[in-house]
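Chains as they are written, first to last, in the numbering used here: chain A, 457 to 767; chain B, 457 to 767.
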């Protein structure tokens, strides 16, 4: 018998915990009933809603920008990350990300500066157009399909099931907010105002009558900053949080501390399908999950398929 | 004949401009048609959706907090604004606000410090409870009714009409965001995530597993900061903006610059009813409205009533 909800979730503790949670908070005479405005669910993006390996999607976009910038200004071509982008060899960039997962952020400032440079002085409408162009054309290097078709199918089902159950679903990611917002409504059914992420500083240009990106980071939406930004943007406490890495610990803790909170931690443990296994960057989160009784979602055991059917 | 929409708006240029605008952006084959996700309308709050005289509503709330704090710590009672709160004479506080409207912010830092002190180290849930208590009990000093019954009736009709026409309506106010959010859904039909305002700095407390207010201002949502925060929170450009003071100029400019943008400026020019006439703090905005062709909303001429029927 096929279940009508969460069809790509196998029977098991994760699926059971989700169904029980939703039943409890939506049963009007139950102890844990929540009015719909209090049904807030937050999701990390990279590694939670879509894959972050072999490299975060946004890094693919940025690499294309760095290549264009180095073509326009050859003096950049010897510097990283531009050299890496020009050569088509992502080793340097990938190693910065790996170092970051391992706790070494030595080269992050150089990368951050180059990220800011891709959009500095650009107005917000123009960046959104470029991002839309990227999503229309780029392909995931392994899956060979457009990124908007690379969401994890079980997560699309979970987002939809929660919304049908009266939840507000929001994205809370370390990734760039203005990058994700361009596709969040079509991909995930999450409108721009419910996408929270890292930002560049912006200011009002009275001469251009537009909002324009500056040279510095506005906010890095990671770790303890996640619950702060959730309050900042939503004004409510989440009762369900779902993440996959150390940067999600505080957000998961905050949701789990709600009277009937549910914390879900996705574990990439599947060596048989198109989602490489890794625990790098999730070691502390996995330990916390064990200690605090968070629900672990095993990609291998809990998900019967990974991606939407190719179109 | 009573019109089915905007019944408290008298026939006149403001009402006509609003109806024409909504018709144009919602007519599918028209030149200015907008898909619903692009129908974004933003509203200032103090002096636009509810009265800001004799003093901003939030200042009433703060005065009660200062009185409590001075009672608990008598050393405060000789200092302003505490002394003013204890004596029940709002002259000092009102004069700081008047000076601000006149461009003199000399005493604003002392006021800001005292504002921050009312909530410092408090977690966000606790502040929300105190604000809810205030709204349940306080009365507007002139209107003698609870503040949630003090919204301008024509504005409630406009918010509702816009939402029925597929718009997302948001509040963008210099007032405290976490103060407004407590009543915005019930008063205005605007959920917390669509309330943008001034904030205190907040941080995550791992020991309390809560988001906690700090001692400094996070962001002052006024002037050029308004379009920046609209982008920051909504990720879309407004096509309708409505304000009443100099602090709304950039927000109005941004909306008016959209292909079929509409900027509405409320003018408090009624000396016959319960809304005192004043142009203080709106001089530049009124000049811009004339120069740029924004639509002025006259409280005297355009609104047939001011407040919802008393219950």
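Note that beta-carbon positions come from the ideal geometry of N, C-alpha and C, so glycine has one too.
Between residue 621 (chain A) and residue 613 (chain A), what straight-line distance do the alpha-carbon atoms span, to the nearest angstrom?
Those two C-alpha atoms are separated by around 12 angstroms.
From residue 590 (chain A) to residue 729 (chain B), what does the alpha carbon distance come to, in whole angstroms?
Straight-line Cα distance between these residues: approximately 57 angstroms.
I think residue 716 (chain B) touches residue 481 (chain B), with their Cβ atoms under 8 angstroms apart; what is that distance to the nearest whole Å?
Indeed, because the Cβ distance is near 6 angstroms, the residues count as touching under 8 angstroms.
For residue 513 (chain A), I'd like the list of residues in its chain whose CB is within less than 6 angstroms of its CB, leaving aside the five on either flank, ordered along the chain.
Excluding positions up to five away in sequence, the list reads 603.
Using the Cα positions of residue 726 (chain A) and residue 472 (chain A), report the straight-line distance between them to the nearest angstrom.
Distance between the alpha carbons of residue 726 (chain A) and residue 472 (chain A): 21 angstroms.
Over what stretch of residues does the alpha helix (DSSP H) that includes residue 657 (chain A) continue unbroken?
First-last for residue 657 (chain A): 651-661, but that is the beta strand (DSSP E), not the alpha helix (DSSP H).
Does residue 767 (chain B) have its Cβ less than 8 angstroms from a Cβ in chain A?
Residue confidence is low: residue 767 (chain B) scores 49 on pLDDT, short of 50, so the model does not pin down where it sits. Its coordinate-derived value is still stated next. By this cut-off, residue 767 (chain B) is not an interface position.
Residue 489 (chain B) by DSSP, collapsed to three states: which one?
Reduced to three states, the DSSP call for residue 489 (chain B) is coil.
Report the partner residues of residue 473 (chain A) according to the DSSP bridge assignment.
Partner(s): none; residue 473 (chain A) has no beta bridge.
For residue 506 (chain A), decide whether its Cβ has a neighbour in chain B, counting only Cβ atoms nearer than 8 angstroms.
By this cut-off, residue 506 (chain A) is not an interface position.
Rounded to the nearest angstrom, what separates residue 499 (chain A) and residue 699 (chain A) at their Cα positions?
Between residue 499 (chain A) and residue 699 (chain A), the C-alpha separation is close to 6 angstroms.
According to DSSP, simplified to helix, strand and coil, what is residue 669 (chain A)?
Correct three-state label for residue 669 (chain A): strand.
Starting from the beta carbon of residue 659 (chain A), find every residue of chain B whose beta carbon is closer than 8 angstroms, and list them in chain order.
The answer, in chain order, is 680 and 684.
Step through the CB atoms of chain A and report whether any lies within less than 8 angstroms of the CB of residue 750 (chain B).
Answer no: the Cβ-Cβ gap between residue 750 (chain B) and chain A never drops below 8 angstroms.
Is it buried or exposed, residue 688 (chain A), if we count other Cβ atoms within 10 angstroms and call 16 or more buried?
So residue 688 (chain A) ends up on the buried side.
Could you round the C-beta distance between residue 572 (chain A) and residue 656 (chain A) to whole angstroms and report it? I think they count as a contact, below 8 angstroms.
About 6 angstroms; that satisfies the 8 angstroms criterion.
For the alpha helix (DSSP H) holding residue 754 (chain A), just list the boundary residues, first then last.
Counting along the chain, residue 754 (chain A) falls outside any alpha helix (DSSP H), though it belongs to the beta strand (DSSP E) covering 751-754.
So, does the CB of residue 586 (chain B) fall closer than 8 angstroms to a CB anywhere in chain A?
Judged by the 8 angstroms Cβ criterion, residue 586 (chain B) is not in contact with chain A.
Among B:683, B:630 and B:763, which one has its Cα closest to the Cα of residue 501 (chain B)?
Per the Cα distances, B:630.
Is there a Cβ from chain A that is less than 8 angstroms from the Cβ of residue 710 (chain B)?
So yes, residue 710 (chain B) belongs to the interface.
In the DSSP assignment, find the alpha helix (DSSP H) that holds residue 714 (chain B) and state where it starts and stops.
Looking at the DSSP string, residue 714 (chain B) is not in any alpha helix (DSSP H), and its letter there is neither H nor E.
Considering only residues of the same chain and omitting the five flanking positions on each side of residue 633 (chain A), which have a CB-CB separation below 7 angstroms?
Cβ neighbours of residue 633 (chain A) beyond the five flanking positions: 651, 652, 653, 654 and 655.
Quick one: give me the first and last residue of the alpha helix (DSSP H) that residue 746 (chain B) is part of.
From DSSP, the alpha helix (DSSP H) with residue 746 (chain B) extends over 739-748.
What separation, rounded to the nearest whole angstrom, lies between the Cα atoms of residue 610 (chain A) and residue 462 (chain A)?
When rounded, the distance between both Cα atoms is 7 angstroms.
What number of angstroms, rounded off, separates the C-alpha of residue 747 (chain A) from the C-alpha of residue 737 (chain A)?
Near 18 angstroms, if we compare the C-alpha coordinates of residue 737 (chain A) and residue 747 (chain A).
Using a Cβ cut-off of 8 angstroms, pull out every chain B residue sitting near residue 641 (chain A), in sequence order please.
In chain order: 493.
How about residue 691 (chain A): is its C-beta nearer than 8 angstroms to some C-beta of chain D?
Protein chains in the displayed structure are A and B, and chain D is not among them.
By the 9 angstroms beta-carbon criterion, what residues does the stretch 573-605 of chain B contribute toward chain A?
Answer set for the stretch 573-605 of chain B: 580, 581 and 584.
In this structure, does DSSP put residue 466 (chain A) in helix, strand or coil?
It is coil, neither helix nor strand.
Is the separation between the beta-carbon of residue 705 (chain B) and that of residue 741 (chain B) shorter than 8 angstroms?
Against a cut-off of 8 angstroms, the Cβ pair of residue 741 (chain B) and residue 705 (chain B) comes out as a contact.
Under 7 angstroms Cβ to Cβ from residue 460 (chain A), same chain only, skipping five residues before and after it: list those, please.
The answer is none, since no qualifying residue turns up.
Looking at residue 554 (chain A) and residue 562 (chain A), is the spacing between their C-beta atoms short of 8 angstroms?
No.
Quick one: list the residues of chain B neighbouring residue 650 (chain A), beta-carbon separation under 8 angstroms, in chain order.
Those are 649, listed as they occur along chain B.
What's the gap between the Cα of residue 468 (chain B) and the Cα of residue 476 (chain B)?
Distance between the alpha carbons of residue 468 (chain B) and residue 476 (chain B) is about 12 angstroms.
To which residues of the same chain is residue 646 (chain B) closer than 7 angstroms at the C-beta, ignoring the five residues directly before and after it?
Once the five neighbours on either side are set aside, the close Cβ partners of residue 646 (chain B) are 625, 626, 627 and 640.
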